[in-house]
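Here the protein sequences come in this chain order: R and F. So that you can map any letter, position 139 of the first sequence is 146 in my numbering, and since no number is skipped, the others follow by simple counting. So that you can map any letter, position 103 of the second sequence is 110 in my numbering, and since no number is skipped, the others follow by simple counting.
Protein chains: 2
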Amino acid sequence: MTSTADAPRSPGRPRSIRADEAIIEATLDLLAEGSTIEALSIEAIATRAGVGKATIYRRWAGKDALLLDALRRLKGVMAQPAGHSVRDDLVLLVGAIGKNVDPRAAKIMPCLAPAVNRSADQFQLYQNIISPRRQLMREVLRRGIDEGVLRADIDVEVTMALLTGPMLIQRVLQWNPDLDEQSLPERVVDAVLEGIQVR
Amino acid sequence: MTSTADAPRSPGRPRSIRADEAIIEATLDLLAEGSTIEALSIEAIATRAGVGKATIYRRWAGKDALLLDALRRLKGVMAQPAGHSVRDDLVLLVGAIGKNVDPRAAKIMPCLAPAVNRSADQFQLYQNIISPRRQLMREVLRRGIDEGVLRADIDVEVTMALLTGPMLIQRVLQWNPDLDEQSLPERVVDAVLEGIQVR
DNA sequence: GCGTTACGAGTCTGACCCGTATCGTATTTC
DNA sequence: GAAATACGATACGGGTCAGACTCGTAACGC
């Protein structure tokens, strides 16, 4: 976190906000262009941002801290279900999976998969990001049960995995190139709702 | 590919099969111990395998070629559905997702996620590995339709994503730590079969 | 036993990178 | 205008690694 705090005003030249921006942007750009997290070097970021290395080290302790800030910037606002139709809310939530405001996110997200399971810290960070989103879906499912739209005997957690999984593997892994991503949320939700068995 | 071909017999000392094995094993071991693909160095592999660097370069053009062979080794045999019950076959196939004979696979697989989408070559390799498995599941679903167990109007491709996704995100990303992986295949298959909607 | 090839171990050059320090300059407060 | 802090640029020592190379030795066919 860059100290944009309420400092009473320190003497000397203040830190350039443009440099802050340039560094974060350069980081995200390089990642989106295909660099892996660990292949990403401070030197490359500095050059790309048109900034001296010292300017980066003055703000962040190291690559990890910088990445943390950069990725935070990437996270979009959470989708807000309308609350009318359970099906429509689920389509909205499923469609929001792995979708961020920043178009670079699509390229960057797959890189995070390995990082997430390497250290407990990063795993926790990841869980912190997705758990409110999971909670949102959980509430919609519970509401569906309460309203009598969904069966009362379903396993909510498994159902969430059912809805999330297909979207995630498609967006992050491009699991099946022939699958149309555009219509996938709707089709997934409907399939899960109706089941595939003959009745 | 190591040339274990049908060479008529070349003069000189033959390549050591033990060295071949040791190099591949060292590679997989290092990956399973948490090394990332790109952090993995030929030098480290050579040291771990008790082998000279030249011995590796004599066999493979570079890290990529070596990794290709190593990962090939990792892929287990494909599950073979019994063909009696569609449900049981699906449970078997879903349970086999991301599950390999080699226990190291579980640690290694997440690392491949980013690599897969970096280059067209690696993406193709990945598709080559999973597409026969996808075909297997596709056939089971078609059989289910033919036998009248599954509805004829389902989208087979979406259904496959539905069955595969939850298992994959759980095994590869540990998406939800609270989800019991053991019973997941059965629960996923049943949920997809029956749907979650009140009927 | 001779030519050939492989072996493990090691060396060497040239990259690239980290994190710190030091330039001369620019911008701010007092 | 002086002190303080920032800036971009660049140099530094210390580190890792790729690949090509060199040892002396080992295993094979003829």
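No residue lacks a Cβ here, since even glycine has one placed at the ideal position from N, Cα and C.
Flagged as an interface residue toward chain R: Leu180/F, by a C-beta distance shorter than 8 Å.
When rounded, the separation of the alpha-carbon atoms in Pro184/F and Val58/R is 41 Å. Taking each of Leu99/F, Gly90/F, Glu40/F, Ala122/F in turn and checking the Cα distance to Pro117/R, the smallest one comes out for Ala122/F. Asp96/R counts as buried, since at least 16 other C-beta atoms from the protein chains shown sit within 10 angstroms of its C-beta.
For Leu99/R, the enclosing alpha helix (DSSP H) begins and ends at 93-103.
Taking 9 Å as the cut-off between beta carbons, none of the residues of the region 50-82 of chain R comes near chain F.
With a cutoff of 8 Å on beta-carbon distance, Glu45/R and Ala46/F are scored as near each other. Residues of chain R with a Cβ closer than 8 Å to the Cβ of Asn183/F are, in chain order, Arg141, Glu164, Met167, Ala168. For Glu28/R, the uninterrupted alpha helix (DSSP H) run begins and ends at 24-39, by DSSP. Each of Glu193/F, Lys82/F, Arg55/F was checked against the Cα of Arg140/F, and the nearest Cα belongs to Lys82/F.
Residues of chain R whose Cβ lies closer than 7 Å to the Cβ of Leu175/F are, in chain order, Gly172, Ile176.
DSSP, reduced to helix, strand and coil, places Leu78/F within a helical segment of the structure shown. Contacts with chain R (Cβ-Cβ distance below 7 Å) from the region 105-136 of chain F involve Pro117, Cys118, Ala120, Pro121, Val123, Asn124, Arg125, listed in chain order.
For the region 16-33 of chain R, there are no residues whose beta carbon sits under 9 Å from a beta carbon of chain F. The DSSP-derived three-state label of Gln177/F is helix. Gln142/F and Val101/F have their C-alpha atoms spaced approximately 13 Å apart.
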